[in-house]
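J.:
There are 4 protein chains.
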Amino acid sequence: MDNQQLLECIDACLACVDACERCAAACLDEPDIAMMRECIRLDRDCADVCAVTARLLMRDSALHAAACALCADACAACAAECGKHDHDHCQACAAACRRCESACRALAA
Amino acid sequence: MDNQQLLECIDACLACVDACERCAAACLDEPDIAMMRECIRLDRDCADVCAVTARLLMRDSALHAAACALCADACAACAAECGKHDHDHCQACAAACRRCESACRALAA
Amino acid sequence: MDNQQLLECIDACLACVDACERCAAACLDEPDIAMMRECIRLDRDCADVCAVTARLLMRDSALHAAACALCADACAACAAECGKHDHDHCQACAAACRRCESACRALAA
Amino acid sequence: MDNQQLLECIDACLACVDACERCAAACLDEPDIAMMRECIRLDRDCADVCAVTARLLMRDSALHAAACALCADACAACAAECGKHDHDHCQACAAACRRCESACRALAA
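Protein chains in written order, with the UniProt record's numbering: chain A, 1 to 109; chain B, 1 to 109; chain C, 1 to 109; chain D, 1 to 109.
Next comes the structure, spelled out in structure tokens:
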């Protein structure tokens, strides 16, 4: 693992936690909340997995590659759902998830 | 996934978080702390991964099988290291890790 | 802090994480999800605060009393909201929150 | 709470998680690990409290002020201990903790 990839992946994970938290909170305020159930569910899972992955990367854990593989899957699922919705917070979350998925796949390899 | 397996796995994950936290804290107090470096590192990783896995299981997340696979690996590594040390907290932690590994492998399959 | 109180508080925190996770997940499936917005929000906050409080207690952290004070407030808010709803998961969550609030207040003092 | 303060506090919390994780990992590698016991303990507590505080702030939780008060105390304790050690990672951690303490006190008020 090169150091530049590591720093990019930590940054992408933290940005994804932030985007998922904001998206979940905003979805809970939407008038069409009934349409946002799956988005809220996946935001929560993705935020939790990105948060623990970031911390394992910061401490250079031996588990980092396996955690990145899980995190990439969490991000891919969340990006696919968020990408279906036009709300700005969903589109921003989908973009953050795709960036994080890509950074995690590079380290999971 | 049958419900009994799910409940056992949540319980095993929470018991493993507890054993890892106690083991890490006790290792930090040991006179031979220089021997316990790897044990402390793996206790921390294992506690963090078990904690997030338990929460994904509680909420019946679609990621549960992949998280259980990661968690089983974290537990196996921690059990192998803790098992090398005679301290009671290390032996108790190794036992909790092995139980959690087994419960997670059953759900990861 | 006596050891019996400590063990009760850890157990109450973990039971509250479980009840909050189940309540949030079930609220997200309810037909009347628009009524459950605040319940989902408070379940999430309460689960996160109880989870970190449990871990600080397990490791006998110097922050435990201050964390218990925060946790008691999180539980009180979640119990008040959940208590307004007749769903079984809300009533179970309110009971777990009240038990955890009480255990945390005893250690926060 | 003004938005600029909120963004600064989230950023300071995440930077503090990173500094604490790196400091704890580096302390576990130090030849003088026996001198670093309290530093590792406080790094862990501070990282965990900063991480949950950041997430409560991202979702604009009603608990944010109380969480910031706890977080400021965690950061102050960690900064005081890290500041005693000349290792670069300890000095970097002390600086990150002081910045986070200051940002949290502003929101706790």
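Note that the Cβ used here is the ideal one computed from N, Cα and C, for glycine as well.
Establish whether the CB of A80(C) and some CB of chain A are separated by less than 8 angstroms.
T.: To locate residue 80(C), count along the third sequence from 1; it is residue 80. False, the Cβ-Cβ gap to chain A never drops below 8 angstroms.
J.: Is S102(A) helix, strand or coil by DSSP?
T.: For the purposes of this step, residue 102(A) is identified with residue 102 of the first sequence, where counting begins at 1. Of the three classes helix, strand and coil, the one that applies to S102(A) here is helix, per DSSP.
J.: Are the C-beta of L107(D) and some C-beta of chain C separated by less than 8 angstroms?
T.: Locating residue 107(D) in the fourth sequence gives position 107, where the first residue counts as 1. No, L107(D) does not count as interfacial toward chain C.
J.: For a cutoff of 8 angstroms on Cβ pairs, would you count R37(A) as touching chain C?
T.: To locate residue 37(A), count along the first sequence from 1; it is residue 37. So, interface residue.
J.: Pick out the complete alpha helix (DSSP H) segments inside the stretch 22–62 of chain B, 4 residues or longer, and give them in chain order.
T.: 37–58, all fully within the stretch 22–62 of chain B.
J.: Excluding five sequence neighbours on each side, which residues of the same chain lie with their C-beta closer than 6 angstroms to the C-beta of A15(D)?
T.: Counting from 1 along the fourth sequence, the entry for residue 15(D) is found at position 15. Once the five neighbours on either side are set aside, the close Cβ partners of A15(D) are A96.
J.: For the stretch 12–38 of chain B, enumerate the residues whose C-beta is nearer than 7 angstroms to any C-beta of chain D, in chain order.
T.: Within the stretch 12–38 of chain B, the qualifying residues are L28, I33, A34, R37.
J.: Out of E21(C), C39(C), D18(C), A25(C), which has the shortest C-alpha to C-alpha gap to C82(C)?
T.: Here the question's residue 82(C) lines up with position 82 in the third sequence. Per the Cα distances, C39(C).
J.: Measure the beta-carbon distance from A26(D) to H87(D) and round it to whole angstroms, keeping in mind my assumption that it falls under 8 angstroms.
T.: The count along the fourth sequence starts at 1 and reaches residue 26(D) at position 26. The count along the fourth sequence starts at 1 and reaches residue 87(D) at position 87. With a Cβ gap of about 7 angstroms, A26(D) and H87(D) count as contacting.
J.: For the alpha helix (DSSP H) that contains D73(A), what are its first and last residues?
T.: Within the first sequence, residue 73(A) is the residue found at index 73, counting from 1. Looking at the DSSP string, the run of the alpha helix (DSSP H) that includes D73(A) is 64–82.
J.: Is there at least one Cβ from chain D nearer than 8 angstroms to R41(B)'s Cβ?
T.: For the purposes of this step, residue 41(B) is taken as residue 41 along the second sequence, with counting starting at 1. True, the Cβ-Cβ gap to chain D drops below 8 angstroms.
J.: Decide yes or no for the touch test of the stretch 3–12 of chain C against the stretch 98–106 of chain C: beta carbon pairs closer than 8 angstroms, at least 3 of them.
T.: In short, these stretches touch, since the Cβ pair count reaches three.
J.: Could you tell me if A66(B) is buried or exposed, where buried requires 16 or more neighbouring beta carbons within 10 angstroms of its beta carbon?
T.: Position 66 of the second sequence, counted from the first residue, corresponds to residue 66(B). Burial call: buried.
J.: Let me see if you follow: with CB-CB separation under 8 angstroms, is A72(C) close to chain D or not?
T.: Here residue 72(C) is taken as the residue at index 72 of the third sequence, counted from 1. Closer than 8 angstroms: no.
J.: Helix or strand or just coil, what does DSSP make of D88(A)?
T.: The residue given as residue 88(A) occupies position 88 in the first sequence. Correct three-state label for D88(A): helix.
J.: With 16 as the cutoff for other CB atoms within 10 Å, does A109(C) come out buried or exposed?
T.: Taking the first residue of the third sequence as position 1, residue 109(C) is located at position 109. Classification for A109(C): exposed.
J.: State yes or no: is the C-beta of C46(D) within less than 8 angstroms of the C-beta of C90(D)?
T.: Numbered from its first residue, the fourth sequence carries residue 46(D) at position 46. Numbered from its first residue, the fourth sequence carries residue 90(D) at position 90. No, the pair does not count as a contact, with Cβ atoms beyond the cut-off.
J.: Does DSSP put D11(B) in a helix, a strand or coil?
T.: Within the second sequence, numbered from 1, the residue matching residue 11(B) stands at position 11. Three-state result, D11(B): helix.
J.: What do you reckon, are the CB atoms on C100(D) and C23(D) nearer than 8 angstroms?
T.: Numbered from its first residue, the fourth sequence carries residue 100(D) at position 100. Numbered from its first residue, the fourth sequence carries residue 23(D) at position 23. Going by C-beta atoms, C100(D) is not nearer than 8 angstroms to C23(D).
J.: Excluding the five sequence neighbours on either side, which residues of its own chain have a C-beta within less than 8 angstroms of the C-beta of A62(C), listed in chain order?
T.: For this step, residue 62(C) is matched to residue 62 along the third sequence. Nothing meets the Cβ criterion.
J.: In chain C, which residues lie less than 8 angstroms from R59(B) when you measure between Cβ atoms?
T.: As a position in the second sequence, residue 59(B) is number 59, starting the count at 1. By Cβ distance, chain C contributes E21, R22, A24, A25.
J.: Keeping to the same chain, check which residues put their C-beta closer than 6 angstroms to that of E21(A); ignore five residues upstream and five downstream.
T.: Counting from 1 along the first sequence, the entry for residue 21(A) is found at position 21. Correct list, in chain order: A47.
J.: Nearest by alpha-carbon distance to L42(A): which of A76(A), A92(A), N3(A), T53(A) is it?
T.: The residue you call residue 42(A) lines up with position 42 of the first sequence. Among A76(A), A92(A), N3(A), T53(A), the Cα nearest to that of L42(A) is on A76(A).
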